[in-house]
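Participant: Numbers in the working numbering are just positions in the sequence shown, counted from 1, shifted up by 315.
We treat Cβ as the ideally placed atom computed from N, Cα and C, and that holds for glycine.
Here it is: the structure, laid out below.
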Amino acid sequence: MMLYKLVVLGDGGVGKTALTIQVSKAEQRISTFSQPVPKPLCGDGEGFLLVYSISSRSTFERVERFHDQITRVKDTEPVPLMLVGNKCDKITEREVSREEGMNMARRLKCEFIESSAKTCVNVERAFYGVVKMIRQNREGGKDSRRNKKKAKCAIL
């Protein structure tokens with residue numbers, strides 16, 4: 316069985332756990348991080364979701380710190396990474412525009428998506444987008460012999 320190790324990072328209250336619950340079974344172990352991530356965990360992760368809340372500018376402004384943690388630990392280019400602007404259902408409370416999110420993703424050289432764990436908008440698309448990036452990296456020659464096995468996703 317093929318395993319994909321995803322790490323979900325972001326400030327507290329941005330919806331990391333809510334996003335994760337939407338794509339995981341209740342019996343799976345779920346860990347999300349709003350504090351500095353332990354290096355072994357970040358190093359073991361194959362793909363990353365950097366999450367901020369579109370209704371909190373401060374969470375958006377701290378995204379680069381989490382990105383820096385990843386780039387210090389990971390030595391591969393490109394790192395499978397998705398910038399996720401969560402809580403897009405809070406339209407009237409928006410503090411971060413979609414354009415700002417897209418510009419940040421360009422600076423970080425990663426993919427971007429807005430989501431809502433509450434209304435299930437783009438949740439699977441965010442996680443599966445990172446899995447797709449991991450698969451593309453593996454098919455680049457590193458791990459092609461394992462691609463014929465069944466897939467499983469572990470969210471760290």
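Jot down the residue ranges of each uninterrupted alpha helix (DSSP H) in the stretch 429–456, minimum 4 residues, whole runs only, in chain order.
Facilitator: 438–452
Participant: Roughly how many angstroms lie between the CA atoms of residue 399 and residue 336, to the nearest whole one?
Facilitator: A straight-line Cα-Cα distance of about 15 Å links residue 399 and residue 336.
Participant: Would you kindly check if the distance between the Cβ of residue 428 and the Cβ of residue 437 is under 7 Å?
Facilitator: yes
Participant: Given a cut-off of 7 Å, decide if residue 420 and residue 430 are closer than it, judged by their beta-carbon atoms.
Facilitator: no
Participant: Among 318, 435, 394, whose alpha-carbon lies nearest the alpha-carbon of residue 403?
Facilitator: Nearest C-alpha to residue 403 among 318, 435, 394: 435.
Participant: Is residue 341 buried or exposed, if buried means 16 or more other CB atoms sit within 10 Å of its CB?
Facilitator: Unreliable positioning characterises residue 341 in this predicted model, as indicated by a pLDDT of 34, which lies under 50. The coordinate reading is nonetheless provided below. That one is exposed.
Participant: Is the stretch 365–380 touching the stretch 408–416 in the sense that three or more CB pairs, one from each, lie closer than 8 Å?
Facilitator: yes
Participant: Return the residue from the list 358, 317, 316 that minimises the CA-CA distance to residue 323.
Facilitator: 358
Participant: In the stretch 371–428, which residue ranges form an unbroken beta strand (DSSP E) of at least 3 residues, counting only runs that do not cross its ends?
Facilitator: 396–401
Participant: Could you compute how far the alpha carbon of residue 387 sits from the alpha carbon of residue 394?
Facilitator: 11 Å
Participant: Would residue 448 be called buried (16 or more neighbouring beta carbons within 10 Å of its own) or exposed?
Facilitator: buried
Participant: Short of 6 Å in beta carbon distance, which residues of its chain neighbour residue 329, apart from the five on each side in sequence? Order them along the chain.
Facilitator: Excluding residues within five positions, the ones whose Cβ falls inside 6 Å are 366, 367, 368, 374, 401.
Participant: In the DSSP output, which residue or residues are listed as bridge partners for residue 328?
Facilitator: The partner list for residue 328 (beta bridge, DSSP) is empty, contrary to what the question assumes.
Participant: Which residue marks the beginning of the beta strand (DSSP E) containing residue 368, and which one marks its end?
Facilitator: 362–368
Participant: Between the Cα of residue 396 and those of 424, 338, 339, spot the shortest distance and give me the residue it belongs to.
Facilitator: 424
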